[in-house]
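Undergrad:
Numbering (our numbering), first residue to last: 933 to 1071.
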């Protein structure tokens, strides 16, 4: 699961949770392997807690990653931050055909592609396992 993979608002890239302190988390950047503290006042979110909007509700991000992994054989996606909005939405429509076109923005798809490529580069594709019905109630 992607529970230990974190995104920190205002900081680029993804981070892996290494340890917890009293008022902070110790995280390691997946790209640079540099360890830094993430303090309580920073907005830190686990990728396991993120979902993409669909016309029927929401789909967990891990399920979207699994679909991309299957379609691209765990290889990087050829899109980047310079891709046009139409290219991004065409790609996302292949992955999640019923996504909510009013609530999913091009920046969301760019971030999704960037995160997926970071996970592939870091060799974390084994974490991309679809959530079964029983796993969602761990809280």
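C-beta atoms are modelled at their ideal positions from N, C-alpha and C, and glycine is treated no differently. Fair warning: this is a prediction, and the values are worked out from it, not measured in the lab.
(1) For my contact list, residue 1032 and residue 985 are in at a C-beta cut-off of 8 Å; report their separation, rounded to the angstrom.
(2) Give me the Cα-Cα distance between residue 1019 and residue 1041, rounded to the nearest whole angstrom.
(3) Assuming residue 1003 contacts residue 1052 (C-beta within less than 8 Å), just tell me the rounded distance between them.
(4) Spell out the partners DSSP gives residue 971 in its beta bridges.
(5) How long is the line joining the alpha carbons of residue 949 and residue 981, rounded to whole angstroms?
(6) On the DSSP bridge list, what partners appear for residue 1054?
(7) Quick one: residues in its chain with C-beta nearer than 6 Å to the C-beta of residue 961, no 5 flanking neighbours on either side, listed in chain order?
(8) For residue 1048, which residues of its own chain have a beta-carbon under 7 Å away from its beta-carbon, when the five flanking residues on both sides are left out?
(9) With a threshold of 7 Å on Cβ separation, who are the neighbours of residue 1016 within its own chain once the five nearest residues in sequence on each side are excluded?
(10) In whole angstroms, give me the CA-to-CA distance for residue 987 and residue 1030.
(11) Take the Cβ of residue 940 as the centre, count every other Cβ of all protein chains shown within 10 Å, and call the residue buried at 16 or more, exposed below.
(12) Below 8 Å on the Cβ atoms is my guess for residue 934 versus residue 1059; work out the distance and round it to an integer in Å.
(13) Taking 6 Å as the limit between beta carbons, can you name the residues of its chain near residue 990, skipping five residues before and five after?
(14) Identify whether residue 945 lies in helix, strand or coil by the three-state DSSP scheme.
TA: Working from what's here:
(1) Residue 1032 sits at position 100 when you count from the first residue of the chain shown. Residue 985 sits at position 53 when you count from the first residue of the chain shown. Between residue 985 and residue 1032 the Cβ distance is about 4 Å, and since that is below 8 Å, they are a contact.
(2) For the purposes of this step, residue 1019 is taken as the residue at position 87 of the chain shown. For the purposes of this step, residue 1041 is taken as the residue at position 109 of the chain shown. Distance between the alpha carbons of residue 1019 and residue 1041 is about 10 Å.
(3) The sequence position of residue 1003 within the chain shown is 71, counting from 1. The sequence position of residue 1052 within the chain shown is 120, counting from 1. Rounded, the Cβ-Cβ distance is 13 Å, inconsistent with contact.
(4) Mapped onto the chain shown, residue 971 falls at position 39. 956.
(5) Position 17 of the chain shown, counting from 1, holds the residue named residue 949. Position 49 of the chain shown, counting from 1, holds the residue named residue 981. Each residue's alpha carbon lies about 14 Å from the other.
(6) To locate residue 1054, count along the chain shown from 1; it is residue 122. BP columns for residue 1054 are empty, so no partner.
(7) Here residue 961 refers to the residue found at position 29 of the chain shown. Within its own chain, the residues whose Cβ lies closer than 6 Å to the Cβ of residue 961, once the five positions on either side in sequence are excluded, are 945, 947, listed in chain order.
(8) Within the chain shown, the letter at position 116 stands for residue 1048. Around residue 1048: 997, 1000, 1009.
(9) Sequence index remark: in the chain shown, residue 1016 carries index 84 (1-based). Around residue 1016, the same chain offers no residue with a beta carbon nearer than 7 Å, after the five sequence neighbours per side are excluded.
(10) As a first step, residue 987 must be located in the chain shown, where it is residue number 55. As a first step, residue 1030 must be located in the chain shown, where it is residue number 98. Put simply, the backbone Cα of residue 987 is about 6 Å away from that of residue 1030.
(11) Within the chain shown, numbered from 1, the residue matching residue 940 stands at position 8. When all chains shown are included, residue 940 counts as buried.
(12) Taking the first residue of the chain shown as 1, we reach residue 934 at position 2. Taking the first residue of the chain shown as 1, we reach residue 1059 at position 127. Your pair residue 934 and residue 1059 checks out as a contact, with CB atoms roughly 5 Å apart and the cut at 8 Å.
(13) As a position in the chain shown, residue 990 is number 58, starting the count at 1. Contacts found: 983.
(14) In the chain shown, the residue the question calls residue 945 occupies position 13. DSSP places residue 945 in coil when its eight states are reduced to three.
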